[in-house]
Every structure is written in structure tokens, then in C-alpha cells.
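Residue numbering for the sequence shown follows our numbering, starting at -18 and increasing by one per position. Ideal Cβ placement from N, Cα and C applies to all residues, glycine included.
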Amino acid sequence: MLGKITFLSSMENAEQRGGAFLRVHSLIKMYESCGFEVQHIYRGSIRFKKTLGTYLKRFQYGRNTSGLFSMANVQLPIGDILHLDNLRYFNWNLKPDFKNIIYNAHNLEFENYFGRSSSLVKSRFMNYEFDCIEKTAMTLLCSEREKQIVLSYRPHLKDKLFVVPNVVDASKYFIAENKNIISFVGTLDYYPNILAINYLCHDFMPKISNELRTQFKFVVAGRNPLPGQKEMIEKAGFEFRTNLSESEMLQLISGTKINLVPITTGSGTRLKIIEGVLSGCECLSTELGAEGIESRLITRAELKAFPQKCQELALKPSFINSEELKDFFHLYDWQSWLQYHGQEFTSSLKKLARQGS
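Set out below in C-alpha cells:
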């Protein structure tokens, strides 16, 4: 064993569903494969509260970010490396002090909270985010795009930044013979997904022909639905599915011909695209939704072109480019990525372990 990693998770509990579960557990498997023992601490086991400082930070960084500035006093298990899976943990009082910290920046929070427009508050918050990265021994970013953005502002951070894609256990995914579903999958109370669902119900579905509606099931699936979402989704003509087991979700994605990703805000790479491609879906995404994922297996289009593009993709025969899919598998399966692309990541982990021991 090389050492112990104390992993402070973004997951609330041990629930085995959702994007956070896919990302967190794949990364833990990578750490274990590199020879580390991982001590997984769930966020739901920690009591945190808002303080006067939380409210004051709203004036400095905007009211929407206040959730990142709650306070907690946390006694963690001793380890050689501390892994932080959320930006909010930099504001917590964590003991003992760790010499080496890894931060998993699975998206750039200043893009998540403020979009792509410029403002003084956004600039202040962005600098806070970069200051947190300064405190780490390693920061993991999910694509080369995110890395280059950070370097454009803080070029001296080059040796701290590592691109580790949002990998999954690709062996779980399969391609069904009968693909008769057009679907949107995602956590339903997540803001970018809320906007996407509203678009699908009010702008996309009314433009879909009756012929296509009879040939395919249109499905919206995910957890944590908001009040009124089910009624809106079903009224628009979608089938609504929620609280699916892992097996049920894999069945849904494998039977999907077109994976809809009408994302217009947010940051990071979308696991819904990665899952869709690995399941042989035609992925129809906005440019922003597909950011950070370089693959010809994704069809990119503006929202206004989504209905027409969807009809074109639905009516053409399915074809899977096996070479493209193999390359995609090597990039987004955690075992393959570690084998083919992870040498620098692995050697840096081992170096940190020696420093922390």
C-alpha cells in the first residue's frame, strides 16, 4: 500500500445513483488501483451551518454562491493525502492539517454560477476559486479546455493541474438491438437541467411530428423532481421516469436512439453524453453541452435546430463507428484511461504519497 487518501466526498450518502456517484466511485477505484487505501467521508455525515461570514460573502461573491461558504468543524481520519471533492470544503475548518491536498474541480464554479458573461462579482469569485487551487498539491480538471482557462489567468499553476476526465466504469454499458427511445436524462433539480427540461417541454416537443411520436417513446428521466415537473413533462408528451435503479437506468440509455442534451449553462463535461456514447446513442447536444468532449460521435446544434436535427437522426439508420467508439472507451473508461493516459497522474500521486509519509 502506497498510503491513505482521506476522501471528503461531494456525495450526501452512499446512494448508488446519479452523476456524483459515477464520478466519485470511478475516481476512488483509480486511487485504489494506484495502490492507495481510500477513506470515503460522505458530506451527509457532517453538520455544517451558515454563519455571519456566510452572509457577508454574499456581498463579495454574489448571493447565489452563499452555499459554498457555510461553516463546519470537521475531524477527519489521518491520511497521507486529503482529497476535496467540492469547493465549499476550502471554507471549512478541517483537522488535522494535511500537507498534500488534491482538489477535484469537476467543473469551473465561476462558470457554473455566473455563466459566460463578465462582471466584477464574477471576477472576484473566479479569483477566489483560483486562490483555492493555489493551496493544493494537485487539482484535477475534467478537460483540456478547463485547464487552459485556468492557465490563461494563472500560468504558474501549470505543475498543479492535471486533466482527468469524468470517467465511468464503461464495462456496465451495453447497446440494445432495439433502440426506440428518444430521451433526456439528468438530475431534475439541477439548474442547467431545469432549463433544458423547460426548453424540451415548451419549445422542442411542439415541433416534433406525429409520425416521430408514434415511432419512438419520448422519455425524461432523473431523480429529485421539482414540484410540477412531472405534470409539465407528461403534458408535453414525454413519459416521466424517476428514482430508477442503476439497472433500470442502464436499460433506458441502452434502448435510447437519440440522447438529447440541450444544455445552455453550466460547466464541466456532461456524464449524460459519456453514458450515451458508450451505449451507442446518437447524442444531440448544444456546443456548450458538449464542451470538453472531442468526438465525432456527437452531433452539435443550436437549440433552434434541435427539432429538425432530431428528426434527421431518428430517421437515418443507426451506425456505430467501432474505431471511434474504441477511442472514446479508452478516454472515458477509468481502467482504460489509467492504462493509456494516466502515467503522469499515477507518478504524481506516488510522489505526493512519499512527501506525505
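Could you give the distance in angstroms between the alpha-carbon of residue i and the alpha-carbon of residue j?
i	j	result
Asn302	Glu263	11 Å
Lys153	Gly34	44 Å
Gly(-1)	Arg335	34 Å
Tyr109	Lys116	11 Å
Ser177	Leu233	According to the sequence as given, residue 177 is Ala; it is not Ser. So the two alpha carbons sit approximately 19 Å from each other.
Asn174	Arg4	18 Å
Phe310	Ile82	29 Å
Arg126	Val145	12 Å
Asn224	Val201	12 Å
Ser190	Gly218	12 Å
Met119	Phe143	7 Å
Ala286	Val258	21 Å
Glu283	Lys290	10 Å
Ile114	Leu(-17)	24 Å
Lys38	Pro58	29 Å
Ile130	Phe185	33 Å
Ala271	Pro136	25 Å
Lys103	Gly96	9 Å
Pro206	Phe2	18 Å
Ile214	Tyr171	16 Å
Can you check DSSP and say which residues form a bridge with residue i?
i	result
Ser226	Beta-bridge pairing links Ser226 to no other residue.
Lys153	According to DSSP, which records beta bridges pairwise, Lys153 is partnered with nothing at all.
Asn302	For Asn302, which the question treats as bridged, DSSP gives no partner whatsoever.
Ala202	Val166 and Arg222
Glu18	Lys(-15)
Leu142	Thr120
Asp314	Val149
Val242	Ser266
Leu63	Thr(-13) and Ile82
Ile281	The displayed chain sequence assigns Arg, not Ile, to residue 281. Its beta-bridge partners are Ser266.
Thr237	Ile162
On the three-state DSSP scale, how would you describe residue i?
i	result
Gln56	strand
Phe71	helix
Asn85	strand
Phe79	coil
Thr(-13)	strand
Ala286	helix
Ala118	coil
Ser276	coil
Val148	coil
Lys160	coil
Cys262	coil
Asn93	helix
Glu192	helix
Arg44	helix
Lys31	coil
Thr327	helix
Gly247	coil
Pro173	helix
Leu101	helix
Leu207	coil
Asn(-6)	coil
Arg135	coil
Less than 8 Å between the beta carbons of residue i and residue j, yes or no?
i	j	result
Leu169	Gln210	yes
Leu89	Ser248	yes
Gln20	Gly48	no
Asp112	Asn85	no
Tyr94	Thr32	no
Val55	Asp314	no
Gly25	Glu(-7)	yes
Ile244	Leu269	yes
Thr237	Ser266	no
Ser235	Ala157	yes
Ile162	Ala295	no
Thr246	Cys123	no
Ile62	Ile(-14)	yes
Leu231	Gln292	no
Glu220	Lys198	yes
Phe29	Met11	no
Ile255	Asn179	no
His87	Leu(-11)	no
Asn72	Phe91	no
Lys139	Leu132	yes
Glu229	Gln(-3)	no
Ser100	Leu319	no
Residue i CB to nearest chain C CB: under 8 Å?
i	result
Thr120	Judged by its chain identifiers, the structure shown contains no chain C, having just a single protein chain.
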